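Heads up: the sequence shown begins at -10 in our numbering, then just goes up one per residue.
Glycine included, C-beta positions come from ideal geometry on N, C-alpha and C.
Computed from a predicted structure; not experimentally measured.
Structure, as structure tokens:
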Amino acid sequence: MVYDPFVRRILTDIDHLNPEGDIFKVLFDERMLPSDISTGSKNLILCKYFDRMNNYLRMGKNCHPYLMEIAESKDVRMAVTAPYIMTDSSIQNRTIHFVNSDTYVNTEFSFLREIAHEMAKGTFRD
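And the structure:
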């Protein structure tokens, strides 16, 4: 997993590391522990390699393109605990499942409608 080009791109683009060669040596040279890698990068790596629920709000906007790339090859399961907006260009006819209501959407309009329903029900809290 640490030698995967996808992981190397994440570490380069999101954590601004230059993971040429051994990633662990790069971390050592930067005086970083693996736990010092950004939460967004760790979530993306978990999302790509493990089929488990991840928290989308632990990812910044810079993670979104990578998440969509992962979604090209597998279903992605993310918990969202605050309103989040996805556009048609992001969705690209992928099916999004709202677990709380067991609703499936695949357009920006249907996504926004379901977010509004979830907000009306009080799903998202401050």
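> What residue range is occupied by the uninterrupted alpha helix (DSSP H) comprising VAL(-4)?
Replying inline: Taking the first residue of the sequence shown as position 1, residue -4 is located at position 7. In the DSSP assignment, VAL(-4) falls within the alpha helix (DSSP H) that extends over -6 to 2.
> LYS110 to THR84, Cα distance in whole Å?
Replying inline: Within the sequence shown, the letter at position 121 stands for residue 110. Within the sequence shown, the letter at position 95 stands for residue 84. In a straight line, the C-alpha of LYS110 is about 22 angstroms away from that of THR84.
> How would you call ASP64, buried or exposed, if buried means at least 16 neighbouring beta carbons within 10 angstroms?
Replying inline: On the sequence shown, residue 64 is found 75 positions in, with the first residue counted as 1. With fewer than 16 other Cβ atoms inside 10 Å of its own Cβ, ASP64 counts as exposed.
> DSSP on ILE26, reduced to helix/strand/coil?
Replying inline: Taking the sequence shown and counting its residues from 1, one reaches residue 26 at position 37. If DSSP states are grouped into helix, strand and coil, ILE26 belongs with coil.
> To the nearest angstrom, how far is it from the Cα of ASP4 to the Cα of SER30?
Replying inline: As a working mapping, residue 4 is identified with position 15 in the sequence shown. As a working mapping, residue 30 is identified with position 41 in the sequence shown. When only Cα atoms are considered, ASP4 and SER30 end up about 8 angstroms apart.
> Thinking C-beta only, is MET48 closer than 8 angstroms to ASN32?
Replying inline: Position 43 of the sequence shown, counting from 1, holds the residue named residue 32. Position 59 of the sequence shown, counting from 1, holds the residue named residue 48. The Cβ atoms of ASN32 and MET48 sit closer than 8 angstroms to each other.
> Which residue's Cα is closest to the Cα of GLN81: VAL88, SER90, PHE87, GLU97?
Replying inline: For this step, residue 81 is matched to residue 92 along the sequence shown. Taking GLN81 as reference, the option from VAL88, SER90, PHE87, GLU97 with the minimal CA-CA separation is GLU97.
> When DSSP labels each residue in this structure, what does PHE39 get in the three-state scheme?
Replying inline: To locate residue 39, count along the sequence shown from 1; it is residue 50. Coil.
> Between which two residues does the beta strand (DSSP E) carrying HIS124 extend?
Replying inline: No statement about residue 124 is possible, as the shown extent of the chain runs from -10 to 115 and does not include it.
> Going by DSSP, which residues form a beta bridge with THR112?
Replying inline: Taking the sequence shown and counting its residues from 1, the one referred to as residue 112 is at position 123. Note: THR112 sits in no beta bridge, so no partner.
> alpha helix (DSSP H) containing SER62: first to last residue?
Replying inline: Taking the sequence shown and counting its residues from 1, the one referred to as residue 62 is at position 73. Start and end: 53 to 62.
>> I'd like the span of the beta strand (DSSP E) that includes VAL65, first residue to last.
In response: As a first step, residue 65 must be located in the sequence shown, where it is residue number 76. Segment: none, VAL65 is in no beta strand (DSSP E) and carries neither H nor E.
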